[in-house]
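> In this note's numbering, the protein residues as written are 35 to 612.
Beta carbons are placed, not taken as given, at the ideal position from N, Cα and C, and that holds for glycine.
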Amino acid sequence: MAKIIIVRGQNRGMTYFVGARKVTIGRDATRTIPIMDGKASRLHAEILCSNDGFQLRDLGALNRTYLNGQEVKESLLDFGDVVTIGETDLLFQSDGYQPAPGELETRAGAQDAEGVATKPEVVLERGQAPVVGGLTIEMPRPDLAPLLRATRPSSVREAGAVKHERRLKVLWQMARTAVVKRDRKALLQEAVALLLPELAPDLAVVFLLEGEPAQPCPLVTHRSGALEPDESARVSSTVLERVRAEGLPLLIEDASRELSAQSSVSLQKIRSVLCVPLKTSEQAYGLFYADLRSELRTFSVEDLSFLATVCAHLSVNLENLELYRQSRLAYERLQQAQTQLIRAEKMSVMGQLSGSIAHELNSPLQAILMASEMLADDFAPGMQPPKPEAARKSLEMVLHAAARCRNLVKNLLHYARSKETSEVGPISLREPIDQAIGMMQYILGKRGVTLQAHYPAKLPLVAANAPEMEQVFVNLIKNSCDALDSSGRVDVTLATENSHVVVDVVDSGSGIPPEVLPRIFEELFTTKPEGQGTGLGLPLVKRIVERCGGSVEVRSVMGEGTTVELRLPIVREESAAA
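1) To the nearest angstrom, how far is it from the Cα of F88 to the Cα of L253?
2) Which of helix, strand or coil does DSSP assign to L125?
3) Look up I461 in the DSSP assignment and give the residues it is bridged to.
4) How is R278 classed by DSSP in three states: helix, strand or coil?
5) Note down the Cα distance separating L351 from L357, rounded to an integer number of angstroms.
6) Does the segment 586-605 come within contact of the segment 534-550, defined as at least 3 CB pairs closer than 8 Å?
7) Measuring alpha carbon to alpha carbon, tell me which of F555, P494, P547, Q505 ends up nearest V535.
8) What are the boundary residues of the beta strand (DSSP E) that L221 is part of?
9) Just the Cα atoms here: how many angstroms apart are E139 and V310?
10) Residues in its own chain within less than 6 Å of R340 by CB, not counting five upstream and five downstream?
11) From M408 to I376, what distance separates their C-alpha atoms?
12) Kindly indicate which three-state DSSP category Q469 falls into: helix, strand or coil?
13) Look at the alpha carbon of V52 and the alpha carbon of G72, and state the distance between them as a whole number of angstroms.
14) What does the alpha-carbon distance come out to for the pair G472 and M431?
15) How would you write the range of the alpha helix (DSSP H) that K576 sits in, first residue to last?
16) For the alpha helix (DSSP H) holding A289, just list the boundary residues, first then last.
17) Entirely within the segment 494-555 and at least 3 residues each: give me those beta strand (DSSP E) ranges in chain order.
18) So, are the CB atoms of G482 and S520 less than 8 Å apart?
19) If you check the beta carbons only, do E504 and Q469 fall under 8 Å apart?
20) Would S258 pass as a contact of D236 if the rule is Cβ separation under 8 Å?
21) Ignore the nearest five residues each way along the sequence and tell me which others in G641's own chain have a CB closer than 6 Å to its CB.
22) For H488, report the span of its beta strand (DSSP E) as first-last.
23) Going by beta carbon distance, what residues of the same chain come within less than 6 Å of A405, once the five residues before and after it are set aside?
24) Does the beta-carbon distance from A497 to G385 come in below 8 Å?
25) Tell me which residue opens and which closes the beta strand (DSSP E) that L242 is part of.
26) Nearest by alpha-carbon distance to V226: which of F322, A267, A289, E280 is it?
27) Assign K427 to one of three DSSP states: helix, strand, or coil.
28) Output the boundary residues of the beta strand (DSSP E) element that contains F51.
29) Can you tell me the Cα-Cα spacing of V526 and H488, whole angstroms?
30) Mind reading off the beta-carbon distance from L243 to G320? Whole number of angstroms is fine, and I expect it under 8 Å.
31) Strictly by DSSP, which residues pair up with P311?
32) Cutting at 7 Å between CB atoms, please list the residues of its own chain near A401, excluding the five before and the five after it.
33) From L101 to T118, what distance separates their C-alpha atoms?
34) My understanding is that N637 touches L574, with C-beta atoms under 8 Å, so please give their C-beta distance in whole angstroms.
35) Between I546 and A500, how many whole angstroms is the CB-CB distance? I'm expecting something under 8 Å.
36) Shortest alpha-carbon distance to S109 belongs to which of K219, L93, G120?
In C-alpha cells, the structure reads:
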C-alpha cells in the first residue's frame with residue numbers, strides 16, 4: 035500500500051492512497067491530488083505504478099518538481115521521499131510492511147456488528163516468574179547524531195549505510211509527523227506504521243500508563259499474519275514491569291531460553307522481544323513492545339538502539355502533546371475566569387452606575403420633596419390658603435427639579451448610547467449657581483448651614499453647559515455641607531482674573547487630611563461613611579470643568595476649612611446685575 039500525505043501547504047494533513055491507477059497532481063480540483071498552491075501548475079506532475087515501483091514524473095511545469103530538495107524530471111519514489119511543488123510538500127510512504135487500513139487498532143478489545151464483545155487484541159499475562167537475562171542499554175537522547183555519523187559518504191556504499199540512511203529518514207519523517215499530529219493516538223499510529231518496515235515485528239503494541247495507580251493499557255496494536263486472527267496476543271506483564279521499573283530498553287534475543295518460565299512465550303511461540311520505555315526526565319508515559327514469532331530471525335542490538343532512539347523522540351512528542359493539552363486546558367480556564375471577571379466587572383459597573391444615578395438624582399428629588407411638603411402644609415385642612423406667589427415659587431421649584439431629573443436621565447442615555455459630550459455654549463454662571471443654591475436650600479436650612487453667593491458687577495460669559503454647571507455647583511455645595519456642623523458657613527465667590535472667571539467655593543469645615551487630598555479626584559474614592567458617598571461627585575466636577583477648557587484646584591487646611599477653585603475661560607464679557 036502506498037499513500038501521499040500533504041505535510042506542508044494549504045491542505046496539510048490530507049492523505050491520498052496511491053494504487054495501480056495513474057495519480058495526477060496539480061492546481062485543479064479535478065486532479066487526483068489537488069493542491070491549492072499558486073506556484074503549482076494546473077497539471078504539474080503525475081505518479082505511475084510500474085514493476086519497479088512508483089515513479090514520479092514532472093509534466094513540464096513552469097516552477098518544476100523537486101524530490102528531497104533536488105529538481106527532477108522523472109524518478110522512482112522511495113519510502114519517506116518528499117515531493118515539493120511550489121510551497122507544498124508531499125510525503126510518500128510505501129512498503130510491503132505498510133499496514134492496511136484497519137490493521138492498526140486503537141483499543142484492546144473490539145465489538146462485532148451486533149455489538150457483542152470479541153476477544154481483546156492484547157492480553158497481559160500476570161503473576162509469572164520474573165524476567166532474567168536479556169540485554170539492556172542506556173536510553174539515548176532524542177538526537178540524530180549516531181545515525182548521521184553512520185551515513186557519512188564513502189567510496190563504497192555498504193548495505194549497513196543504506197539501512198542507516200533509511201532509518202534516519204524514518205526519524206526525520208517522525209519529526210515532521212509530530213508537527214502535524216495533535217492527538218496522541220494518531221501520533222502513535224503513525225509511529226508504528228513508520229517502524230514496521232524497519233523492524234517487521236509479528237506483534238507491536240504501544241502501551242500508555244493510565245489510571246490510579248498507573249497501569250499499562252494498550253492503545254495501538256499491530257498484528258502480522260503470524261498470529262491467528264481470532265486469537266488474543268499475549269504479552270508478559272513482567273517484561274513490561276521490568277522495563278518500567280528500570281527505565282531501560284530491553285532486548286531478549288532468545289525468548290525460549292530467557293523467558294522459559296513465561297507461559298505466553300511457549301503458547302504463542304515468541305522468538306525475540308524488544309521493549310522500550312516511553313519516558314522523559316520528568317515523566318513516564320508508557321512502553322513500546324514488539325516481538326517476533328518466526329524462527330528465521332531475531333531482533334539485534336542495532337534494532338534495540340534504533341527503537342530506543344525512536345522512543346526517545348516519541349517521548350518528547352508525547353510530552354509536547356501533554357503540555358499542549360495542559361496549555362489548552364489552562365487557556366480554557368483562563369477564558370472562563372475572564373468571562374467571570376467580565377461578569378463581575380459588569381456587576382461592579384452596574385453598582386457604580388446605580389450609585390452615580392442615586393447621587394445625581396438625590397438633590398432634585400429632595401427639592402421636589404421639600405416643595406411638595408410646603409404645598410401640602412399650605413393646603414392642609416384648617417390652614418389659610420397660601421399666597422399665589424408662594425405657591426407659584428414652590429411649583430416652579432418642583433418643575434425645575436423634575437426637569438433636572440429628566441435631563442440627568444437623558445444625558446445618561448446619551449452617554450450610554452453614543453458617549454458624546456453635551457453641547458457647550460456661552461453662558462453666565464449666575465443662573466446655574468442660583469439654581470443649585472435653590473435646590474440645596476432645603477438641606478442647608480435643615481442642617482443650619484449659612485450659604486452666600488458673591489457676584490462681581492460685571493460677570494463675563496464662559497463656554498459651558500448650564501445644566502452640567504448646575505450639577506457641578508450642586509456637588510460642591512453638597513460636599514461642603516457634608517463637612518459642616520450646624521454653625522458652618524459656605525461662600526461662593528466669583529471674580530475675574532485675566533482671561534478666566536474664577537469661582538471659589540469655600541467652607542468652614544474641618545478640612546481634608548494631607549494624605550487624602552491627592553486622591554479626592556479618584557473615581558469611587560470617598561471618605562464618607564458607607565451609604566453616604568459614592569466617590570463620583572468630585573471626579574464628575576473635574577471632568578465637566580476640564581471639558582469646558584477649565585481647571586479645578588482644591589486647597590485645604592486642617593481645622594480651618596476647604597476651598598475649591600474653578601477656573602473657566604471667558605468667551606466674552608457681559609455685564610450682569612449684582
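Short version:
1) 32 Å
2) strand
3) Per DSSP, the beta-bridge partners of I461 are V496.
4) In the structure shown, R278 adopts helical secondary structure according to DSSP, grouped into three states.
5) Note on identity: in this sequence residue 351 is Asn, with Leu being the wrong assignment. N351 and L357: Cα-Cα distance of roughly 10 Å.
6) yes
7) For V535, the nearest C-alpha among the options comes from P494.
8) Not the beta strand (DSSP E): L221 falls in the alpha helix (DSSP H), residues 218-233.
9) Residue placement at E139 is flagged as unreliable, the pLDDT there being 45, under the threshold of 50; a coordinate-derived value is accordingly withheld.
10) Note on residue identity: the sequence assigns Phe, not Arg, to residue 340. So the list reads R201, once near-sequence residues are dropped.
11) CA-CA distance, M408 to I376, rounds to 47 Å.
12) Q469: helix per DSSP, three-state reduction.
13) So the two alpha carbons sit approximately 24 Å from each other.
14) 8 Å
15) 571-581
16) 289-292
17) 495-498, 523-531, 534-541
18) yes
19) yes
20) yes
21) The requested residue 641 does not occur in the structure, where the chain is confined to residues 35 to 612.
22) Where H488 is concerned, the enclosing beta strand (DSSP E) stretches over 484-488.
23) S428, M431, V432
24) No.
25) 237-244
26) For V226, the nearest C-alpha among the options comes from F322.
27) Note: K427 maps to helix in three-state DSSP.
28) 49-52
29) 6 Å
30) 5 Å
31) L321
32) M431, A435, M473, Y476
33) 6 Å
34) With the chain represented from 35 up to 612, any question about residue 637 goes unanswered, as that position is not in the structure.
35) Not confirmed; about 29 Å, so no contact.
36) Of the candidates K219, L93, G120, the one whose C-alpha sits nearest the C-alpha of S109 is L93.
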